[in-house]
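Mapped onto this note's numbering, the consecutive letters of the sequence shown carry residue numbers 8 to 395.
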Amino acid sequence: MKTKGETMRDRKPAEVFPPGEYIKEEIDSRGWTQNDLAEILGRPTRLINELISGKRGITPETAKGLAGAFGTSAQFWMNLESIYRLFLNVTQHDIVERRAALYAKAPVRAMIRRNWIEQSNNIDILESTICSFFNARNINEDFHFSPFAARKSTSQADLTIEQNAWLFRALHMARAVHSNTFSKSKFEEALRQIKLLLFEPAEIRKIPRILSACGIRFIIIEALPQSKIDGAAFWLENTPVVALSLRYDRIDYFWYTFMHELGHVKNEDGKGNENIALDVDLEGETKRSQDGRDYERLADNFASNFLVSQKELNDFIARIRPLYSKGKIVGFANRIKIHPGIVVGQIHYREKNYSHFREFLIKIRHIIINETISDGWGSPYPTFSKEA
8 MKTKGETMRD
18 RKPAEVFPPG
28 EYIKEEIDSR
38 GWTQNDLAEI
48 LGRPTRLINE
58 LISGKRGITP
68 ETAKGLAGAF
78 GTSAQFWMNL
88 ESIYRLFLNV
98 TQHDIVERRA
108 ALYAKAPVRA
118 MIRRNWIEQS
128 NNIDILESTI
138 CSFFNARNIN
148 EDFHFSPFAA
158 RKSTSQADLT
168 IEQNAWLFRA
178 LHMARAVHSN
188 TFSKSKFEEA
198 LRQIKLLLFE
208 PAEIRKIPRI
218 LSACGIRFII
228 IEALPQSKID
238 GAAFWLENTP
248 VVALSLRYDR
258 IDYFWYTFMH
268 ELGHVKNEDG
278 KGNENIALDV
288 DLEGETKRSQ
298 DGRDYERLAD
308 NFASNFLVSQ
318 KELNDFIARI
328 RPLYSKGKIV
338 GFANRIKIHP
348 GIVVGQIHYR
358 EKNYSHFREF
368 LIKIRHIIIN
378 ETISDGWGSP
388 YPTFSKEA
């Protein structure tokens, strides 16, 4: 049998355990208590307890005392302490690097606040949760959402991490939405029904039912801060998905963005393996896609002409500009059976002046938000897993 001193000298200090575990083993093997060791060292019992629990590190003075009590060198205890502290620092450095990688690829804090993922102080759990959200096997995989067609006011060619996360949230939510089989004939019928909703704001509540009947999944998700994304249209297998953020709660903006996304559905933008990123200043600037493709222009034209015949609008503007009045706007809107706010929105876009007749730009979020699956504004939809 080895002596107590030999047991200590033969132990490999490279084993990464708190030095307190070694102290506990030694006093247990001798049949001592923490009070006994405290009396031997002439130190408070509280100090011994904190050493064993790892709350206090070993100082040179303490190392000399332990060396005398256990028949070892003071250097042995200092080595144990140094190796353990270095291990803790290396581990913490690894955690910091892994957390930084996650924050570079995803808006982690915003996703936690919105209840899209669960918060965890365990880096392994957090990493696994985020990878699952982005349908990735590990952190090294690409988190990029593709394909899609989206209205967004940023001119960047690539998605921001906020936009990417918003689109994945839309993807998870869309999987939970029931819809009939999509067909072009059903879609054309849905457009005819939607045309009848343009006059009365309350009629907006019928949109989710109409879209579901024609095979389109419709969801509403509040935009993440700094994302600037207003809506998206993409395909889940052979089913189109339309997602809106209602970033601006105005009747004109809702209808224009909504019909723009239906324009993408009509043109089957984003179906198959195409990766489409579309840039538009949604408050009226004439920024368009910089890659030479005309997806955006076609969707814009479809939305504008569906809401207001551009020929009739041109004639109306030519007759009364610049002497616009509430009465003339209401009269024109009533004649073509749309809400005056839609007319005002079109005039604002043409004139690049957004200050006139804003009382017509009524809020509609409260009408639509409770009629379809939605997430945000203080009422998050349940968190979805990768398999949802």
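We put the beta carbon where it would ideally sit given N, CA and C, even for glycine.
Inter-residue Cα distance where the pair is residue i and residue j
i           : j           : result
residue 112 : residue 147 : 10 Å
residue 330 : residue 208 : 27 Å
residue 334 : residue 259 : 18 Å
residue 76  : residue 143 : 55 Å
residue 255 : residue 261 : 8 Å
residue 381 : residue 145 : 29 Å
residue 52  : residue 59  : 11 Å
residue 221 : residue 230 : 26 Å
residue 119 : residue 236 : 19 Å
residue 131 : residue 241 : 32 Å
residue 302 : residue 104 : 40 Å
residue 182 : residue 342 : 41 Å
residue 346 : residue 203 : 11 Å
residue 326 : residue 319 : 11 Å
residue 179 : residue 364 : 39 Å
residue 25  : residue 168 : 40 Å
residue 12  : residue 62  : Its pLDDT being 45, under 50, residue 12 is placed unreliably in this model, and the coordinates cannot settle the point.
residue 42  : residue 36  : 15 Å
residue 312 : residue 126 : 46 Å
residue 284 : residue 337 : Any reading at residue 284 must be qualified, since the residue scores a pLDDT of 41, below 50, and its modelled position is unreliable; no value is offered.
residue 107 : residue 216 : 43 Å
residue 366 : residue 373 : 17 Å
residue 379 : residue 102 : 40 Å
residue 81  : residue 30  : 13 Å
residue 198 : residue 249 : 14 Å
residue 124 : residue 377 : 23 Å
Reference residue i, options the options, closest by Cα
i           : options            : result
residue 64  : 167, 369, 134, 90  : 90
residue 324 : 302, 356, 303, 309 : 356
residue 177 : 120, 202, 247      : 247
residue 384 : 80, 165, 232, 167  : 232
residue 33  : 78, 67, 57, 54     : 78
residue 371 : 251, 307, 328      : 251
residue 253 : 317, 353, 205, 173 : 173
residue 309 : 362, 266, 359      : 266
residue 227 : 196, 198, 264      : 264
Assumed close pair residue i, residue j - CB separation to whole angstroms, cut-off 8 Å
i           : j           : result
residue 387 : residue 122 : 4 Å
residue 50  : residue 72  : 7 Å
residue 212 : residue 184 : Residue 212 to residue 184, Cβ: 17 Å. No contact.
residue 214 : residue 375 : 7 Å
residue 351 : residue 368 : 6 Å
residue 133 : residue 109 : 7 Å
residue 206 : residue 175 : Not confirmed; about 36 Å, so no contact.
residue 306 : residue 270 : 4 Å
First and last residue of the uninterrupted beta strand (DSSP E) at residue i
i           : result
residue 251 : 246-251
residue 243 : 236-243
residue 382 : 380-382
residue 224 : 224-228
Residue i, enclosing alpha helix (DSSP H) - first and last residue
i           : result
residue 346 : Neither: residue 346 is in no alpha helix (DSSP H) and is coded neither H nor E.
residue 307 : 302-314
residue 192 : 191-202
residue 279 : Where residue 279 is concerned, there is no enclosing alpha helix (DSSP H), given that its DSSP letter is neither H nor E.
residue 318 : 317-327
residue 75  : 67-77
residue 416 : In the structure as shown, the chain starts at 8 and stops at 395, and residue 416 therefore has no counterpart that could be examined.
residue 185 : Unbroken run through residue 185: none, as it is neither H nor E.
residue 129 : Premise fails: residue 129 is in no alpha helix (DSSP H) and is neither H nor E.
residue 52  : 52-60
Check your understanding: Using 8 Å as the Cβ pair cut-off and three pairs as the minimum, do the stretch 174-191 and the stretch 234-246 touch?
Key -> yes
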